[in-house]
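Chemist: So that we are looking at the same thing, I have put the structure below in structure tokens.
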Amino acid sequence: MRDLTVRLFVVFSWFIVSAVFANDTAKLQDAWTSASRALPDEAMAGFKQIPASSPQDREAVYGQAMMLLTVQPVTRGNIDQSVQLFQSVIDKDSSDDLGITAKYFLGRIEQIYRFEPDYAKAIAIYEDLFHNHPEHPVAQRAFVKLVLLKLYDRIPDAERAKDFSAFESQGSKLQDHDAVRDFHLVMAQACAKFGFSEEKRLEHLLAADAAGVVKDDTKANLLVSIAEVARKLNRKGLALQYYHKFLDECPRDYRTYTVQQRIAATEQPAQ
Amino acid sequence: MNREKVMNLIGLSLLAACFAIALTRVFSRTATHLGSDVVTIRFAHYQLESGVRGAFDAIAREYEKIHPGVVVEQMSIPENVYPTWTVTQLAGGTAPDLIEFGNSTGTDERLARYFQPLTEWVGSPNPYNKGTSLEKTPWRQTFLDGLTGWPNYNTNLLEIYGMPNTVVTIRIFYNRDLYRKIIGNETLPRTYQEFIEVCRKVEQDGERITGHKVIPIAGSKSNAPRITESLFCGQVQKLWAQYQGDDLRQANGNEAVLRFAVLKHKLSLYDPAIQSAYQITHDAGQYMQPGFMQLNREDAVFTFTQGNALMIATGSYDTVSLTSQAPFEIGVFPVPYPTKDDPTYGKFVFGPATEAGAPTQGSFLLYMESKHKQQALDFLRFMTSQKMNALFAAKSGWLPAVIGVDVDEKMKPFMPVMDGYINGFRPFWGADTYRVIDNNQYLLLGSDGSVKKFLDALSRDFEGALISDSQNVNKTSRNNLLRQDVALASYMQLSREGAAPAAAKKVSELNEIETKLELDLDDGILEMNELGLPPMK
Amino acid sequence: MPATLSHRKALHEWQLYLFLVPSLVLVATFMYFPAASAIYHSFFDWQGGDAARFTGLANYRRVINDVVLWRSFETIGILIIANIFKLIPSILLAVLIHRLGSEKWQYWYRVLLVLPMIVPGLVRLFIWKFFFDPNFGILNKVLDFTGGKTLLIALDHHFLHWGIFHAGVPVPWLSESHLIIPSLIIWGFPWIGTVGVLIYLAGLQSIGTEVYEAADLDGVNSFQKFIHIELPLIMTQVRLSLVLLIIGTLQGFGLQFLLLGANGGAGGSGMVPGLWMFNRAFSAGEFGYACALGMVLFIFILALTLLNNKYVRVEK
Chain B
436 MRDLTVRLFV
446 VFSWFIVSAV
456 FANDTAKLQD
466 AWTSASRALP
476 DEAMAGFKQI
486 PASSPQDREA
496 VYGQAMMLLT
506 VQPVTRGNID
516 QSVQLFQSVI
526 DKDSSDDLGI
536 TAKYFLGRIE
546 QIYRFEPDYA
556 KAIAIYEDLF
566 HNHPEHPVAQ
576 RAFVKLVLLK
586 LYDRIPDAER
596 AKDFSAFESQ
606 GSKLQDHDAV
616 RDFHLVMAQA
626 CAKFGFSEEK
636 RLEHLLAADA
646 AGVVKDDTKA
656 NLLVSIAEVA
666 RKLNRKGLAL
676 QYYHKFLDEC
686 PRDYRTYTVQ
696 QRIAATEQPA
706 Q
Chain P
17 MNREKVMNLI
27 GLSLLAACFA
37 IALTRVFSRT
47 ATHLGSDVVT
57 IRFAHYQLES
67 GVRGAFDAIA
77 REYEKIHPGV
87 VVEQMSIPEN
97 VYPTWTVTQL
107 AGGTAPDLIE
117 FGNSTGTDER
127 LARYFQPLTE
137 WVGSPNPYNK
147 GTSLEKTPWR
157 QTFLDGLTGW
167 PNYNTNLLEI
177 YGMPNTVVTI
187 RIFYNRDLYR
197 KIIGNETLPR
207 TYQEFIEVCR
217 KVEQDGERIT
227 GHKVIPIAGS
237 KSNAPRITES
247 LFCGQVQKLW
257 AQYQGDDLRQ
267 ANGNEAVLRF
277 AVLKHKLSLY
287 DPAIQSAYQI
297 THDAGQYMQP
307 GFMQLNREDA
317 VFTFTQGNAL
327 MIATGSYDTV
337 SLTSQAPFEI
347 GVFPVPYPTK
357 DDPTYGKFVF
367 GPATEAGAPT
377 QGSFLLYMES
387 KHKQQALDFL
397 RFMTSQKMNA
407 LFAAKSGWLP
417 AVIGVDVDEK
427 MKPFMPVMDG
437 YINGFRPFWG
447 ADTYRVIDNN
457 QYLLLGSDGS
467 VKKFLDALSR
477 DFEGALISDS
487 QNVNKTSRNN
497 LLRQDVALAS
507 YMQLSREGAA
517 PAAAKKVSEL
527 NEIETKLELD
537 LDDGILEMNE
547 LGLPPMK
Chain S
-14 MPATLSHRKA
-4 LHEWQLYLFL
6 VPSLVLVATF
16 MYFPAASAIY
26 HSFFDWQGGD
36 AARFTGLANY
46 RRVINDVVLW
56 RSFETIGILI
66 IANIFKLIPS
76 ILLAVLIHRL
86 GSEKWQYWYR
96 VLLVLPMIVP
106 GLVRLFIWKF
116 FFDPNFGILN
126 KVLDFTGGKT
136 LLIALDHHFL
146 HWGIFHAGVP
156 VPWLSESHLI
166 IPSLIIWGFP
176 WIGTVGVLIY
186 LAGLQSIGTE
196 VYEAADLDGV
206 NSFQKFIHIE
216 LPLIMTQVRL
226 SLVLLIIGTL
236 QGFGLQFLLL
246 GANGGAGGSG
256 MVPGLWMFNR
266 AFSAGEFGYA
276 CALGMVLFIF
286 ILALTLLNNK
296 YVRVEK
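Residue numbers (the numbering used here), protein chains in the order written: chain B, 436 to 706; chain P, 17 to 553; chain S, -14 to 301.
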């Protein structure tokens, strides 16, 4: 009888605790929903409601760290505090989803949130993340940020070209859909900006198209870019294919008439 | 009771009565929305023209017919108080479900905070187009511009926020009687050369023929740029294409490449194409009334409707007001471009510009905190269906925004001409470059003006203004990136928890948006660093 | 010297102080709160919405190198000096009305003076904008009719060398850089401010008739009466007008905005500090910087007011 009482008590306690912590889960979701709607004060209040004893506390701390970057007014003190909170999340476990994402945002802080960005530190964080967790989607996206920062750094052209080749090799191992897509978009843009080969540029544009872009205007620019580069490389078949694809998918675009002229010129037999 | 006391009592009673009436009106309005089974959709706008309000009213009544239990209420707010009114309503959380896009609503921050992006719905067909040629067309593609530009599509947030009702095109309106009298026929100019000939004839013979001074073009601070900017953009078409590397990828006005070309001294304000662009601006300006730069739109309209000017350039939205004010018949034609064989201006142009980018306007935004969001969205679909847009165009006298809508014969000349070349860039690239050009324009457009005087003066201040504008662009990109980053972090967590199935898709979108923003930002920072300048203020 | 009230007595009817609360709340909300908000935001990079980044004194450091701002102070300096001279017609008119023998005529002249006040200020600005119209405005028509235009052409040709006055070409008052400041000075001609005249009249009416009788006995003429009797005795009002004029001119930009636009017109000649503040806030979206400009303007106004109080003395 006593055993039964104890067992019933344990089960009953488990239900109570689950209910309380299930409530914490709901609160967390509400807080994240507020954050997604650009309501940082409401989100912060929601995160602070989660008690330290809750299993959700670590995520709540992570949420607070995120919100400190956006609650008004933005101050250096808030940013420093955010770094500390992210670090505390990483210290508990650096290899789970939350730990990896927290590390990623430490890099973001150095890259875009600090009043005086520290790109070298951001690059180091991204490199470390990708080195230690090459298969994690967030680490792969960190790699894309790393590529951007290094290619757009103020360095000699030769060094940039060397980095570009190294990134091509590393980038081929990416698996996360967004990382693959964005990696190729960045590489293609870098080719145009820094005068790397047009063939390389076309490769990356086609790879981005294969990965699939989401936004309509990115798609329009991508399709017309592929067609234009193919035309310049005298790959008429490919150029025409993408010019037609552009007209089919973007019929109201202001470049439509010019593209029709391009088609007419490209279809003309060589003189 | 003596007379004074009686008068005081009357005064007090009047005050009390007015207060009571005001209170009753306010509370009765609120009361209709409390505890009611009726769903009320409110939409607010500042188009007080009677035709437009009548058009919106008709659409609202049609919607109510097919949705019993839904009441649609129109709120017409005067334009001069509209910005303050919308900001107050948004900040107070009492905004109507649909709000017309205006200057106060269009900032990145306000859009992101208060309005629902519509991007996720525009890829599907509009159900209210069933039975029409647009039945299977994605909602976005049913509009003349495909919602690719301002004000509906925000290029910083990369989201569609607005659903339009009309399109605006620029035309030159002319006095038909006066034209026939002075020119001798009604053959309209198709090229810039022919247009200048018309202006010259008016200047030389106008007074002799009519008995009073006739100005060829009624100009003002707001009307003159309709012609001069068009001509300017035409002159820099080839230059613009050259700076795009003959690549259509970013031909939609990414002026960063031009800003940095000027700052690096690779492009000069004295470039032949730019000089030609300012020259054509100067030439056209000589046919407007002296001192037109100090005049308002109303002054130009007054000059035109009084028969003291033959032509005026303005938007299609002015058709109704001009035809109602003018005691004569009005005709229109597009702003004529120089042809390629024009001896002076031909070598810099490709040809007339496409109006495919002509912005669709009269757009409504969906309030994020609307209590009836789905219903309001449904009404938005209804309002922008082909059938309802045709009703709107017929009743308002404005152009439709939806393709396939038949327009009145009188409005056909206003419909956007889709075939045409990509236009060149505008002369200014931010608030400060606009200011310095505006300050020095009198040296170009005054009676003693010349391109040399203008460019010599402009060169002194332009670089500083350009640096300031570039820094502002970088700052805006950074601020937008920060906003997107927090949203991305939030959606990442929501998608991990499986809470919002759409969150995973949103994560993918936001990653793509961030990549684009970061490319622009890092490019801007690199360029400024290479110039030895602080990237942001 | 009023008798002092003990605290006990002062707080005896404490409920009466509650009647002050509504006014204090309104003043705090609509006057002090916006000012405090402006001071606060002047230390931020603020684009007018919710987002603000604390930047400390960065905005103030930027003010030091702001060429447009310091140039605008030159413009405002000229306008202040012009406005000081524009006080004179009001003072003279007040003296003339005051010296009228008939009280009935004094009354009617005051009525005629007050009547135009029913025209809203904005309407007056629009009317003046129309006066400046090169083609239909009354100013050019008067110049053509009176031959003033010929004089201006000769002046331009021989002395000014601006090249803006030509025969047969209407004068573009608001779209020619050299003419903007003269236009801002001409605005409001004949520069008789109703409120100013009434304030001076009130001051003049406090002068006793025995003073005038004594002056007559001493053989003082009209002009001497004005210089030695009337002007000194209305100096309190003149000083008040000066303070209000300086503050109003320094702060004001409505006139320039309406006539010239947010960019200050041709050559930026009409740019004044208030307009520059408006431009930075609403054209460039730099609200934080505009608040810092406002603080700098406040310091200027305070300094000038203190100078005015110190050096424009009223001999009792």
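Yeah, the Cβ is synthetic: ideal placement off N, Cα and C, and Gly gets one too.
Per the DSSP calculation, residue 281 of chain P is bridged to which residue(s)?
Modeler: For residue 281 of chain P, which the question treats as bridged, DSSP gives no partner whatsoever.
Chemist: Between which two residues does the alpha helix (DSSP H) holding residue 481 of chain B run?
Modeler: 475 to 483
Chemist: What residues from chain P crowd round residue 248 of chain S, counting only those whose CB sits closer than 8 Å?
Modeler: 450, 451, 454 and 455
Chemist: Who are the near neighbours of residue 192 of chain P in its chain, counting only those whose CB is closer than 8 Å to its CB and skipping five residues on each side?
Modeler: 202, 344, 345, 346 and 347
Chemist: Please determine if the stretch 83 to 94 of chain P and the stretch 139 to 153 of chain P are in contact, where contact requires at least 3 C-beta pairs separated by less than 8 Å.
Modeler: no
Chemist: When the Cα of residue 181 of chain P is compared with those of P:36, P:546, P:159 and P:216, which residue comes out closest?
Modeler: P:159
Chemist: What's the gap between the Cα of residue 38 of chain P and the Cα of residue 1 of chain S?
Modeler: 30 Å
Chemist: Report yes or no: do the stretch 226 to 246 of chain S and the stretch 99 to 118 of chain S share at least 3 C-beta pairs separated by less than 8 Å?
Modeler: yes
Chemist: What's the call for residue 447 of chain B, buried or exposed, on a 16-neighbour Cβ count within 10 Å?
Modeler: exposed
Chemist: Does DSSP classify residue 172 of chain S as helix, strand or coil?
Modeler: coil
Chemist: Pull up the CB-CB distance for residue 564 of chain B and residue 535 of chain B, whole angstroms please, since I reckon it's below 8 Å.
Modeler: 7 Å
Chemist: Please name the residue or residues paired with residue 182 of chain P in a DSSP beta bridge.
Modeler: Note: residue 182 of chain P sits in a beta bridge opposite P:377.
Chemist: Should the stretch 302 to 320 of chain P be called in touch with the stretch 234 to 248 of chain P, which here means at least 3 C-beta pairs below 8 Å?
Modeler: Segments in contact, yes.
Chemist: Assuming residue 649 of chain B is part of the beta strand (DSSP E), what are its boundary residues?
Modeler: Looking at the DSSP string, residue 649 of chain B is not in any beta strand (DSSP E), and its letter there is neither H nor E.
Chemist: Which class does residue 89 of chain P belong to by DSSP, given the choice of helix, strand or coil?
Modeler: For residue 89 of chain P, the secondary structure class from DSSP, reduced to helix, strand or coil, is strand.
Chemist: May I ask which residues mark the beginning and end of the beta strand (DSSP E) holding residue 142 of chain S?
Modeler: Neither: residue 142 of chain S is in no beta strand (DSSP E) and is coded neither H nor E.
Chemist: Looking at chain S, is there any beta carbon in it that lies within less than 8 Å of the beta carbon of residue 63 of chain P?
Modeler: no
Chemist: Does residue 167 of chain P come within less than 8 Å of chain S when only Cβ atoms are used?
Modeler: Interface residue (Cβ-Cβ distance to chain S less than 8 Å): residue 167 of chain P is not classified as such.
Chemist: Report yes if the CB atom of residue 64 of chain S is closer than 8 Å to the CB atom of residue 290 of chain S, and no otherwise.
Modeler: No.
Chemist: When DSSP builds the beta bridges, which residues end up paired with residue 115 of chain P?
Modeler: P:60 and P:381
Chemist: In whole angstroms, give me the CA-to-CA distance for residue 620 of chain B and residue 491 of chain P.
Modeler: Using only the alpha carbons, I get a separation of about 23 Å.
Chemist: Could you please give the first and the last residue of the uninterrupted beta strand (DSSP E) stretch that includes residue 326 of chain P?
Modeler: 325 to 331
Chemist: Specify whether the stretch 144 to 164 of chain S and the stretch 459 to 466 of chain P touch according to this definition: at least 3 beta carbon pairs, one from each stretch, less than 8 Å apart.
Modeler: yes
Chemist: Against chain P, does residue 471 of chain B count as a neighbour if the rule is that its beta carbon must be under 8 Å from one of theirs?
Modeler: yes
Chemist: Here's the rule I'm using: 16 or more other beta-carbon atoms within 10 Å means buried, otherwise exposed. How should residue 4 of chain S be labelled?
Modeler: exposed
Chemist: With 7 Å as the limit, tell me which residues of the stretch 499 to 528 of chain B have their beta carbon closer than that to any beta carbon of chain S; keep them in chain order.
Modeler: 507, 508, 509 and 510
Chemist: Could you compute how far the alpha carbon of residue 117 of chain S sits from the alpha carbon of residue 358 of chain P?
Modeler: Roughly 39 Å between the two C-alpha positions.
Chemist: Could you tell me whether any Cβ in chain P is nearer than 8 Å to the Cβ of residue 42 of chain S?
Modeler: no
Chemist: With a threshold of 8 Å between beta carbons, is residue 107 of chain S in contact with chain D?
Modeler: The structure shown contains no chain D; its protein chains are B, P and S.
Chemist: Is the beta carbon of residue 440 of chain P sitting closer than 8 Å to the one on residue 215 of chain P?
Modeler: no
Chemist: List the DSSP bridge partners of residue 347 of chain P.
Modeler: P:190
Chemist: Taking buried to mean at least 16 other C-beta atoms within 10 Å of its own C-beta, is residue 296 of chain S buried or exposed?
Modeler: Residue 296 of chain S comes out exposed.
Chemist: Against residue 232 of chain P, what residues of chain S qualify as contacts under a CB-to-CB distance less than 9 Å, listed in chain order?
Modeler: The premise fails here: residue 232 of chain P is roughly 14 Å from chain S at the closest Cβ pair, so nothing lies under 9 Å.
Chemist: Unbroken alpha helix (DSSP H) runs of length 4 or more, entirely within the stretch 244 to 270 of chain S: which are they?
Modeler: 258 to 263
Chemist: For a minimum of 4 consecutive residues, which ranges assigned as the alpha helix (DSSP H) are wholly contained in the stretch -5 to 49 of chain S?
Modeler: 6 to 12, 18 to 26 and 43 to 49
Chemist: What whole-angstrom Cβ distance do residue 365 of chain P and residue 220 of chain P have, given they're in contact under 8 Å?
Modeler: The pair is not a contact, with the Cβ atoms about 27 Å apart (cut-off 8 Å).
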